[in-house]
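S.K.:
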Amino acid sequence: MRIKDHPILHFEEKKIIQFYYNNQLVEGQEGDTIASALHALGVKKLSESIHLHRPRGFYCAIGNCASCNMIVDGIPNVRTCITPLQEGMKVETQTNKGDLYVK
Amino acid sequence: MLNKDLVIIGGGPAGLCAAKTAAEAGLSSIIIERSPKLGGQLVKQTHMFFGSEKQYAKTRGYNIAKILIDDVNRYHDKIEILTDTTVVGLYKDKVITILHQDEYRKIQAKAIIVATGASEKVLAFENNDLPGIYGAGAVQTLMNVYGVLPGHDVVMVGSGNIGLIVSYQLLQAGVNVKAVIEAAPTIGGYKVHASKLKRLGVPIYTQHTITKAFGKDCVEKILVTKLDQNWNPIEGSSFEMDVDGVCISVGLTPMGNLLAMIDAQMKYISELGGMVPIINHEHETSIENIFVCGDISGIEEASSAIVEGYYTGLVVANRLGYHHPNYMLLKEDYESQLNNLRSGPFGEKIRLGLAKMAEELNHVK
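These protein sequence lines map, in sequence, to chains A and B. So the mapping is simple: the numbering used here equals the position in the first sequence, first residue as 1, plus 1017. So the mapping is simple: the numbering used here equals the position in the second sequence, first residue as 1, plus 2.
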């Protein structure tokens, strides 16, 4: 859900950015972070806790808490709340600690 | 390894203002900011600030951010900016490791100002880790920076100024704020903010708290419980509320994690928000030439962070041999501005905290 009318702020139409969420092609906007784009699509669960696999969403939205970590283009533990969304990104729900990324 | 005179960690109000006065005195600096943009948490503040004109009162927060960023850009020959960059290591010999777009680099500094700000506290209750339960500041970022709504029906936990202001901003964005819940017997923030909410029909439940959240992949319902005089839950007083978002606004805590890496002396001072570095009147930590300013040494308003930034930039420049022609005059002015901001009943807590800090400093000596 995006804000359309606001008494103080103006949110203009922005360029569409296409990316993959769990292998599904979806759309965000220029200026989005990965987390804000997913949230606008109604996706609140971003990862799972390591041991009990409880659902996790973002908490702080400014890069402090690591609750929004996801796998992005194969790299785990990416703080999606401060990572700008880019065309063609492959974003996946993270369900474990994540493995070392080898190019 | 890069060599820099002054490295400023954090591009919020404190860091930006420190860079400005340092540049005015002739000292070059580099600002390191982990977010894509400068401005810190001012960029999401849509309300007008209080205080005096010197701290940009009656200006909306995001416009104050623009002013401060413009100021820094005017000194582009003296101030370098690295955004999207996280400091991952800080060493006593003033070496900093940074991570920028998958690449690690090292910087050797002569002086460092750590202006990392604060983080939002969490509240303990059953299922508090469900998605849809956020810090109130996080919701502010989501709405006011990215234009995305947190949900349809939201409850605010905490009635300090942030809780009250964000509740109002939720209403402005078209969200139904079902209630503000406050554990204390009285509303924490300014009356003017609380009255605005009450006029718009938002109930404020004092002496109530959230005791449980329900939901599968997102919060769907919460349990609210009344508290007695001793803050204990009253049995049989609980009631349910259907919500798809919960904002937790129970205060901020200074973010001094980096200072722990260099073994700077820290102390828990509750009035300042938690663990803070012990600093002297020049804002220097127990490690020589490593300074702090802003919320990292005590939670206050952004106005105080701005003035502390100006003050610290000036002092650090002087330390490194860059003497501003109006040094004494400016220093005294910033000191008196800070005293003004900390006067009155709402400044009582911070005054008490700073008194404890001064006492602690004597022990260190």
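Positions of the beta carbon are idealized from the N, C-alpha and C atoms, including for glycine. Note that the coordinates shown come from a computational prediction; the quantities given were computed from them, not determined experimentally.
State the DSSP-derived secondary structure class of residue 94 (chain B), mapped to helix, strand or coil.
M.R.: In the structure shown, residue 94 (chain B) sits in coil (DSSP, three-state: anything other than H, G, I, E or B).
S.K.: Considering only DSSP beta bridges, list what residue 3 (chain B) is partnered with.
M.R.: Beta-bridge pairing links residue 3 (chain B) to no other residue.
S.K.: Below 8 Å between beta carbons: does that hold for residue 114 (chain B) and residue 280 (chain B)?
M.R.: Not closer than 8 Å, so no.
S.K.: Excluding the 5 residues preceding and the 5 following residue 268 (chain B) in the sequence, name in chain order all residues of the same chain whose CB lies nearer than 8 Å to its CB.
M.R.: For residue 268 (chain B), where only same-chain residues beyond five positions count, the Cβ hits under 8 Å are 258, 261, 262, 277, 278, 279, 280.
S.K.: When DSSP labels each residue in this structure, what does residue 244 (chain B) get in the three-state scheme?
M.R.: It is a strand residue.
S.K.: In terms of DSSP beta bridges, what is residue 179 (chain B) paired with?
M.R.: Answer is B:156.
S.K.: Could you give the distance in angstroms between the alpha-carbon of residue 287 (chain B) and the alpha-carbon of residue 294 (chain B)?
M.R.: Each residue's Cα considered, the two are about 7 Å apart.
S.K.: When you compare the CB of residue 50 (chain B) with every CB in chain A, is at least one pair closer than 8 Å?
M.R.: Residue 50 (chain B) does not count as touching chain A.
S.K.: Does the separation of the CB atoms of residue 1080 (chain A) and residue 251 (chain B) fall below 8 Å?
M.R.: Cβ distance not < 8 Å, so residue 1080 (chain A) and residue 251 (chain B) don't count as in contact.
S.K.: Touching or not, the segment 1032-1043 of chain A and the segment 180-200 of chain B, by the rule of three or more beta carbon pairs under 8 Å?
M.R.: In short, these stretches do not touch, since the Cβ pair count stays below three.
S.K.: Consider the Cβ of residue 1086 (chain A): report whether some Cβ of chain B lies at a distance smaller than 8 Å.
M.R.: Answer no: the Cβ-Cβ gap between residue 1086 (chain A) and chain B never drops below 8 Å.
S.K.: Please classify residue 1025 (chain A) as buried or exposed, where buried requires at least 16 other C-beta atoms within 10 Å of its C-beta.
M.R.: When all chains shown are included, residue 1025 (chain A) counts as exposed.
S.K.: Which ranges does the beta strand (DSSP E) cover as unbroken runs of at least 3 residues, wholly within the segment 177-237 of chain B, from first to last along the chain?
M.R.: As far as the segment 177-237 of chain B is concerned, its whole beta strand (DSSP E) runs of at least 3 residues are 178-184, 206-208, 210-216, 223-228.
S.K.: Could you confirm whether any beta carbon from chain A is found closer than 8 Å to the beta carbon of residue 220 (chain B)?
M.R.: Judged by the 8 Å Cβ criterion, residue 220 (chain B) is in contact with chain A.
S.K.: Helix, strand or coil: how does DSSP classify residue 1036 (chain A) here?
M.R.: Looking at residue 1036 (chain A) - three-state DSSP - the assignment turns out to be strand.
S.K.: Any C-beta of chain E sitting closer than 8 Å to the C-beta of residue 1028 (chain A)?
M.R.: Given the protein chain composition of this structure (A and B), no chain E is represented.
S.K.: My guess is that residue 109 (chain B) and residue 9 (chain B) are in contact by the Cβ rule of under 8 Å, so how many angstroms apart are they, rounded?
M.R.: The pair is a contact, with the Cβ atoms about 6 Å apart (cut-off 8 Å).
S.K.: In the DSSP assignment, what residue or residues form a beta bridge with residue 293 (chain B)?
M.R.: Paired residue(s): B:115, B:286.
S.K.: Considering only C-alpha positions, which residue in the set B:208, B:160, B:274 is nearest to residue 344 (chain B)?
M.R.: For the residues B:208, B:160, B:274, the minimum Cα distance to residue 344 (chain B) belongs to B:274.
S.K.: Could you check which residue in A:1028, A:1099, A:1057 has the C-alpha nearest to that of residue 153 (chain B)?
M.R.: The shortest Cα separation from residue 153 (chain B) among A:1028, A:1099, A:1057 belongs to A:1057.
S.K.: Assess contact between the segment 32-46 of chain B and the segment 317-331 of chain B, defined as three or more Cβ pairs (one per stretch) separated by less than 8 Å. Is contact present?
M.R.: They do not touch, by the three-pair rule.
S.K.: Quick one: is residue 357 (chain B) buried, meaning 16 or more other Cβ sit within 10 Å of its Cβ, or exposed?
M.R.: Exposed is the call here.
S.K.: Going by the CB atoms, is the gap between residue 51 (chain B) and residue 32 (chain B) shorter than 8 Å?
M.R.: No. Outside cutoff.
S.K.: Cα separation between residue 63 (chain B) and residue 69 (chain B)?
M.R.: So the alpha carbons of these two residues sit roughly 10 Å apart.
S.K.: So which of A:1022, A:1063, A:1029 has the shortest CA-CA distance to residue 219 (chain B)?
M.R.: Answer by Cα proximity: A:1063.
S.K.: Compare the beta carbon distance of residue 1049 (chain A) and residue 136 (chain B) with 8 Å and say whether it is the shorter of the two.
M.R.: The answer is no: Cβ separation not under 8 Å.
S.K.: Name the two residues that bound the continuous alpha helix (DSSP H) containing residue 68 (chain B).
M.R.: 63-76 is the span of the alpha helix (DSSP H), which, as asked, contains residue 68 (chain B).
S.K.: Does any residue of chain A have a CB that is nearer than 8 Å to the CB of residue 374 (chain B)?
M.R.: The displayed coordinates of chain B run from 3 to 367. Any statement about residue 374 (chain B) would go beyond what the structure contains.
S.K.: Nearest-angstrom Cα distance between residue 189 (chain B) and residue 119 (chain B)?
M.R.: Cα to Cα, residue 189 (chain B) sits roughly 25 Å from residue 119 (chain B).
S.K.: List the residues of chain B that residue 1039 (chain A) touches, going by C-beta distances under 8 Å, in chain order.
M.R.: Those do not exist, as residue 1039 (chain A) stays about 13 Å from chain B at its closest Cβ, beyond 8 Å.
S.K.: Whose Cβ in chain A lies nearer than 7 Å to the Cβ of residue 146 (chain B)?
M.R.: Residues of chain A passing the Cβ test: 1026.
S.K.: Residue 1070 (chain A) CB to nearest chain B CB: under 8 Å?
M.R.: Not an interface residue.
S.K.: Quick check: the Cα distance between residue 43 (chain B) and residue 311 (chain B), rounded to an integer number of angstroms?
M.R.: When rounded, the distance between both Cα atoms is 15 Å.
S.K.: Compare the C-alpha of residue 19 (chain B) against each of B:61, B:95, B:77, B:355 and name the closest.
M.R.: If we check each option's Cα against that of residue 19 (chain B), B:77 comes out closest.
S.K.: Count Cβ pairs between the segment 204-221 of chain B and the segment 235-252 of chain B that sit closer than 8 Å; are there 3 or more?
M.R.: Cβ pair count under 8 Å is three or more, so yes.
S.K.: Mark residue 204 (chain B) as exposed unless 16 or more other C-beta atoms lie within 10 angstroms of its C-beta, in which case mark it buried.
M.R.: By the 10 Å Cβ count, residue 204 (chain B) comes out buried.
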